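Student: Have a look at the structure that comes next, please.
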Amino acid sequence: MKRRDGVKKITILQAAFNPYYAEAFGLIFKLSYASEGKNTPRLEVFADSELAREKEWRIYGAIPDDDLDNVVEIKFREPGEDKEFSVASRVFRAQFIRVDHQEFTYAHGSNELLLLYEFEVSKLD
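Here it is in structure tokens:
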């Protein structure tokens with residue numbers, strides 16, 4: 005979803021088995037399995053590359069590695085916070101906008117309130 009020129013709004017739902025992710029600027033954004041506190045998201049960000057597809061990082065996530073420049077983890081403490089980061093030699097900024105609840109209905113009909121995280125991402129180079 006494009007909000008204004010050069011800035012993309014992304015939302016990611018936090019659910020069991022962590023199946024959700026968002027895409028912007030050729031990058032994949034996925035919530036880490038564990039956060040460091042209540043409503044403090046950690047994002048795994050990686051380039052949508054052949055390696056990412058081969059290792060199915062969209063499903064399983066990616067672990068940052070000093071030998072790889074195409075994976076980074078970003079930690080947020082509160083809404084409004086922004087972080088600059090680099091992936092595959094490109095520079096970006098992500099801002100944690102808000103966390104909300106969204107009702108999710110399972111195929112068998114039961115409902116559950118899940119956390120929905122909203123971010124804005126911009127390319128800086």
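Quick note on numbering: the sequence shown equals residues 5 to 129 in our numbering.
Heads up, the beta-carbon is just placed ideally off N, CA and C, and yes, glycines get one too.
The structure displayed is predicted, hence computed values, not measured ones.
#1: In angstroms with no decimal places, state the Cα-to-Cα distance between residue 36 and residue 46.
#2: Would you check if there are 3 or more beta carbon pairs closer than 8 angstroms linking the region 104-118 to the region 79-92?
#3: In the DSSP assignment, find the unbroken alpha helix (DSSP H) run with residue 63 in it and report its ends.
#4: When you compare each of 60, 128, 102 and 129 to residue 24 by their alpha carbons, which one comes out closest?
#5: What does the Cβ neighbour count give for residue 121, buried or exposed, with the cut at 16 atoms within 10 Å?
#6: Distance, Cα to Cα, residue 33 vs residue 112?
#7: If you follow the alpha helix (DSSP H) that residue 58 is part of, which residue opens it and which one closes it?
#8: Quick one, are the C-beta atoms of residue 72 and residue 52 less than 9 angstroms apart?
#9: Sorted by chain position, which residues of the same chain lie with C-beta nearer than 6 angstroms to residue 104's C-beta, five sequence neighbours on each side aside?
#10: With a CB to CB cut of under 6 angstroms and the five nearest residues on each side skipped, what residues in its chain are close to residue 43?
#11: Go to residue 39, then tell me how far its beta strand (DSSP E) extends in each direction, as first and last residue.
#12: Since residue 48 sits in a beta bridge, which residues does DSSP pair it with?
Tutor: Per the coordinate set shown:
#1: Looking up residue 36 in the sequence shown gives position 32. Looking up residue 46 in the sequence shown gives position 42. Looking at the two C-alpha atoms, the distance is approximately 5 angstroms.
#2: no
#3: Residue mapping note: residue 63 aligns to position 59 of the sequence shown, counting from 1. Segment 61-64, the alpha helix (DSSP H) holding residue 63.
#4: Your numbering for residue 24 matches position 20 in the sequence shown. Closest by alpha carbon: 60.
#5: As a position in the sequence shown, residue 121 is number 117, starting the count at 1. With 16 or more other Cβ atoms within 10 Å, it is buried.
#6: Translated into the one-based positions of the sequence shown, residue 33 becomes position 29. Translated into the one-based positions of the sequence shown, residue 112 becomes position 108. Using only the alpha carbons, I get a separation of about 29 angstroms.
#7: Position 54 of the sequence shown, counted from the start, is the residue given in the question as residue 58. For residue 58, the enclosing alpha helix (DSSP H) covers residues 54-58.
#8: Start at 1 with the first residue of the sequence shown, and residue 72 comes out as number 68. Start at 1 with the first residue of the sequence shown, and residue 52 comes out as number 48. Annotated as distal: residue 72 and residue 52, with beta-carbon spacing of 9 angstroms or more.
#9: Stepping through the sequence shown from its first residue, residue 104 is reached at position 100. Non-local beta-carbon contacts of residue 104 in its own chain, meaning distances under 6 angstroms to residues more than five positions away in sequence, involve 120 in chain order.
#10: One-based indexing of the sequence shown puts residue 43 at position 39. Contacts found: 103.
#11: Working through the sequence shown from its first residue, we reach residue 39 at position 35. From DSSP, residue 39 is part of no beta strand (DSSP E); its letter is neither H nor E.
#12: Residue mapping note: residue 48 aligns to position 44 of the sequence shown, counting from 1. Residue 48 pairs with 34 and 77.
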